[in-house]
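Student: Pasting in a structure now, in C-alpha cells, and then I'll have a few things to ask.
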Amino acid sequence: CWIGVNRDDGGKVQRTLNAGDTFEAKIDVRTTIRFGSAGAVSLTWGEKDLGSIGRRGEVVTIEFLPDGTMKRL
C-alpha cells in the first residue's frame, strides 16, 4: 500500500509499505494521510485500534488533528 503524508508545516512523506511494515507519524500539526489501498492497512490512532479503514484497492484520505480527532475526507 502506498501512503502520502502532508503536514500543515510543509512536511511531506510518500512511501510504499509492504506486508508487515509499520509507519508512525507524529501528529503535532494538522496532518492528512492518503492510503492507496485502505483494506491493506490496519490503523491505530492513539491507543485505539481502528482496524481496516476501507476496502482493498480503495483510496482513502484521513485528516488527523493534534487534539486527537480525525475525520475521513
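Per this note's numbering, the sequence shown starts with residue 156, numbered consecutively. All C-beta atoms, glycine included, are put in the ideal place defined by N, C-alpha and C. Computed from a predicted model, the values in this text were never measured in an experiment.
(1) Which of the three DSSP states, helix, strand or coil, is assigned to residue 175?
(2) Whole-angstrom Cβ separation of residue 179 and residue 194, contact assumed at under 8 Å?
(3) For residue 159, does the three-state DSSP call read helix, strand or coil?
(4) Grab the span of the beta strand (DSSP E) containing residue 213 for me, first residue to last.
(5) Mind reading off the beta-carbon distance from residue 184 to residue 162? Whole number of angstroms is fine, and I expect it under 8 Å.
(6) What residue does the beta strand (DSSP E) around residue 188 start on, and which one ends it?
Tutor: Here's the rundown:
(1) Position 20 of the sequence shown, counted from the first residue, corresponds to residue 175. The answer is coil: DSSP assigns residue 175 none of H, G, I, E or B.
(2) Looking up residue 179 in the sequence shown gives position 24. Looking up residue 194 in the sequence shown gives position 39. Going by Cβ atoms, the distance from residue 179 to residue 194 rounds to 20 Å, so no, they are not a contact pair.
(3) Locating residue 159 in the sequence shown gives position 4, where the first residue counts as 1. Residue 159 falls in the strand class under three-state DSSP.
(4) Counting from 1 along the sequence shown, the entry for residue 213 is found at position 58. No beta strand (DSSP E) holds residue 213; DSSP gives it neither H nor E.
(5) If you number the sequence shown from 1, residue 184 lands on position 29. If you number the sequence shown from 1, residue 162 lands on position 7. Indeed they touch by this definition, with Cβ atoms about 5 Å apart.
(6) Counting from 1 along the sequence shown, the entry for residue 188 is found at position 33. Residues 186-190.
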